[in-house]
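Novice:
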Amino acid sequence: MKFEDIKLNKQLLKALKEQEIVDMTPIQEKAIPKVLAGSDVIGIAQTGTGKTLAYLLPILRDLKYTDSTHPRVLILVPTRELAVQVASEVEKLTGSMSTRTIAVYGGTNINTQKKAVYAGCDIIIGTPGRLYDIAMTGLLRLKDIKKVVIDECDEMLSLGFRPQIQRIFDLLPTKRQNLMFSATITNDVDELVATFFRKTERIIAAPAGTPLQKINQTAYSTENFNTKYNLLKHLLTSDNVIEKAFIFVQSRVYADLLHTRIEEDFPEQFGVIHSNKSQNYRLRMVSEFKENKLKGIVATDLVSRGIDIDNVSHVINFDLPDDKEQYMHRIGRTGRADAEGNTISFIKESDQKMFEEIQSFMNLAIPISSLPEEVEATTLLIPLEEAPDIHDGPTVLNPKHSIGDGEKNQAPAVGERRNIRPIEKKIERKKQRKNKRRK
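In UniProt numbering, the protein residues as written are 1 to 439.
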């Protein structure tokens, strides 16, 4: 089915034509008519299948001009990067329209965003924490909201955003259209739907676990960081097919370590993104990658979902994720739309069980190759491997922490906290200070 068949207005058709978007993806073909009919819709499809247009096009088609400064469409997203991306998609679609759009998220000056909200908008896109913070100031009125979208719902709930979502929904009018898009349906997602949605239309198109047809998946057996790097360097040097790549690692420490090594051999060709990098730095890296100023990005799973970058030729799992669905989100960065994609995974012996689960999840066998003869299989370990640093564990969610910054509801990694001396020394120092004051 083509977009011309669903009676979009001329401005939207023109915008699609300028982007050379002609045919609908399965999720768009199934979801758009339901959204236009006014139904509450749950769309299940993995990343890279066109979910964003599946809800933006029908919303924009029905959005009429008004002088009101209060938003009528609310789009909730889990991360700052996705908020920026969705806002960019709206801007590309509404270049010939008078639609006012604002994106609010943590990591930037809240006062600037407050001023933008006060000036008025038709569509507001935001992370739950920052959006709720602004709503509590009284500047953001949500009683005029007619349509609500929860994008990447499963990810949002896994990051601990349910309390903020609940509070935001308490501020919304009862009469509204609810749209939710997710890669998977979990018990938490079902519970959220049962709480806030009316009778829903559930649409399934390429859910997580269904491999994208045009992604070639391969793997290599390798045991440590240095051997992995030797293999990566070999692939980047000898394989001219790797034109644009995401390289995923297990943690922020490993991301910085790998980027430092890559920078020595491929100066200024690769960037790095993780949650310790500033918002402006991360946005700059994404922008340079999109503009082909960088050949690749070393990243944690922060960018494994939602960020839409065209023509990514390869996803390289330098470290295998510890979750099979996270693997699907990672490889969804390549093979998007009609493009072919490639995934290369480096598999250690300790990864075998998870790798088998991933293959079972996709109902697909991925062959594991031996190292090429040109690649040295070294036994030399890096310090983190010789004595694993317990401070470099995975990000942990902490429900006691505020998430007003609009990103992960996470406790800081232990290794990033200040050095804390034993409590006895603290008490002793306090006693010494008191004695000095008495003297």
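Quick reminder that beta carbons are idealized off the backbone N, C-alpha and C, glycines included.
For the beta strand (DSSP E) that contains Phe270, what are its first and last residues?
Specialist: It spans Phe270 to Ile273 - the beta strand (DSSP E) in which Phe270 sits, taken as one unbroken run.
Novice: When the Cα atoms are used, what is the spatial distance from Leu140 to Val86?
Specialist: So the alpha carbons of these two residues sit roughly 20 Å apart.
Novice: Per DSSP, which residues does residue 526 bridge with? Please list them.
Specialist: Only positions 1 to 439 of the chain appear in this structure, which leaves residue 526 out of reach.
Novice: Spatial neighbours of Met285 within its chain, please: CB distance less than 8 Å, with the 5 preceding and 5 following residues excluded, ordered by chain position.
Specialist: Closer than 8 Å at the Cβ level, and outside the excluded window around Met285, lie Gly271, Val272, Ile273, Lys277, Leu294 and Ile297.
Novice: Between the C-alpha atoms of Asn178 and Asn224, what's the straight-line distance to the nearest angstrom?
Specialist: Going from the Cα of Asn178 to the Cα of Asn224 covers about 47 Å.
Novice: Hey, could you find the ends of the alpha helix (DSSP H) Phe196 is sitting in?
Specialist: Residues Asn187 to Phe196.
Novice: Apart from the five residues just before and just after Leu157, which ones in its own chain have a Cβ nearer than 6 Å to its Cβ?
Specialist: If we look at Leu157 and ignore the five residues flanking it on each side, its Cβ neighbours are Asp188.
Novice: Counting along the chain, where does the beta strand (DSSP E) carrying Ser221 start and finish?
Specialist: Taken as a continuous stretch (DSSP letters only), the beta strand (DSSP E) holding Ser221 covers Ile215 to Ser221.
Novice: Which value, in whole angstroms, describes the spacing of the CA atoms of Glu424 and Gln279?
Specialist: Summary for Glu424: the model assigns pLDDT 46, below 50, so the residue's position carries little reliability, and this model does not support an answer.
Novice: Should Met180 go down as buried or exposed, given a rule of 16 or more other Cβ atoms within 10 Å for buried?
Specialist: Buried, since its Cβ has 16 or more Cβ neighbours within 10 Å.
Novice: For the segment 96–106 against the segment 146–161, are there 3 or more C-beta pairs whose distance is under 8 Å?
Specialist: Too few Cβ pairs lie closer than 8 Å, so no.
Novice: What residue range does the beta strand (DSSP E) around Glu243 cover?
Specialist: Taken as a continuous stretch (DSSP letters only), Glu243 belongs to no beta strand (DSSP E), as it is neither H nor E.
Novice: Return the first residue and the last residue of the beta strand (DSSP E) that Gly40 is part of.
Specialist: Per the sequence shown, residue 40 should be read as Asp rather than Gly. First-last of the beta strand (DSSP E) with Asp40: Asp40 to Ile44.
Novice: Quick one: which unbroken alpha helix (DSSP H) runs of 4-plus residues sit fully inside the segment 243–330? Chain order, please.
Specialist: The qualifying runs are 252–265 and 279–290.
Novice: Would you please state the rounded distance, in angstroms, between the beta carbons of Asp151 and Val35? I believe it to be under 8 Å.
Specialist: Their Cβ separation, rounded to whole angstroms, is 13 Å, which puts Asp151 and Val35 out of contact at 8 Å.
Novice: In whole angstroms, give me the CA-to-CA distance for Leu8 and Arg61.
Specialist: Their backbone Cα atoms lie some 6 Å apart in a straight line.
Novice: For the alpha helix (DSSP H) that contains Ser360, what are its first and last residues?
Specialist: Segment Gln352 to Met362, the alpha helix (DSSP H) holding Ser360.
Novice: In whole angstroms, what is the alpha-carbon distance linking Glu191 and Ile185?
Specialist: Cα-Cα distance, rounded: 10 Å.
Novice: Please classify Arg202 as buried or exposed, where buried requires at least 16 other C-beta atoms within 10 Å of its C-beta.
Specialist: Burial call: exposed.
Novice: Mind checking which residues open and close the alpha helix (DSSP H) that includes Arg202?
Specialist: Run containing Arg202: none in the alpha helix (DSSP H); it sits in the beta strand (DSSP E), Thr200 to Ile204.
Novice: Would you report the Cα separation of Ala54 and Leu258, rounded to the nearest angstrom?
Specialist: Taking the straight line from one Cα to the other gives about 37 Å.
Novice: Work out the CA separation of Ser88 and Ile21 for me, nearest whole Å.
Specialist: So the alpha carbons of these two residues sit roughly 16 Å apart.
Novice: In chain order, what residues of the same chain have a beta carbon less than 8 Å from the beta carbon of Lys290, not counting five sequence neighbours either side?
Specialist: The answer, listed in chain order, is Ile309 and Asp310.
Novice: Starting from Thr227, trace the alpha helix (DSSP H) in both directions and tell me its first and last residue.
Specialist: Per DSSP, Thr227 belongs to the alpha helix (DSSP H) from Phe225 to Ser238.
Novice: Quick one: what's got a C-beta closer than 6 Å to Lys143's C-beta in the same chain, skipping five residues either side?
Specialist: Within the same chain, Lys143 has close Cβ partners Pro173.
Novice: Skipping 5 residues on each side, what residues in its chain have a beta carbon closer than 8 Å to that of Gly50?
Specialist: Once the five neighbours on either side are set aside, the close Cβ partners of Gly50 are Met24, Thr25, Ile27, Gln28 and Ala337.
Novice: Please name the residue or residues paired with Ser369 in a DSSP beta bridge.
Specialist: According to DSSP, Ser369 bridges with Tyr220.
Novice: Please confirm if the segment 314–331 is in contact with the segment 347–366, defined as three or more CB-CB distances below 8 Å between the two stretches.
Specialist: Touching, per the Cβ criterion.
Novice: According to DSSP, is residue 496 helix, strand or coil?
Specialist: With the chain covering 1 to 439 only, the question about residue 496 has no answer from this structure.
Novice: Looking at the strands, I want to know which residues DSSP matches up with Lys2.
Specialist: Lys2 is bridged to Asp23.
Novice: Could you give the DSSP three-state label for Leu16: helix, strand or coil?
Specialist: Helix, per DSSP.
Novice: Whose C-alpha, out of Ser304, Leu236, Glu91 and Ser221, is nearest the C-alpha of Gln19?
Specialist: Minimum Cα distance to Gln19 is reached at Glu91.
Novice: In terms of residues, what are the limits of the alpha helix (DSSP H) holding Asn111?
Specialist: Asn111 -> alpha helix (DSSP H) spans Ile110 to Ala119.
Novice: Please classify Met328 as buried or exposed, where buried requires at least 16 other C-beta atoms within 10 Å of its C-beta.
Specialist: Burial call: buried.
Novice: Hey, Asp40 and Arg198 are a contact pair by Cβ (cut 8 Å); roughly how many whole angstroms apart?
Specialist: Confirmed, about 5 Å.
Novice: If Ile347 and Ser182 are in contact, beta carbons under 8 Å, what's the gap, nearest whole angstrom?
Specialist: Actually they do not touch by this definition, with Cβ atoms about 29 Å apart.
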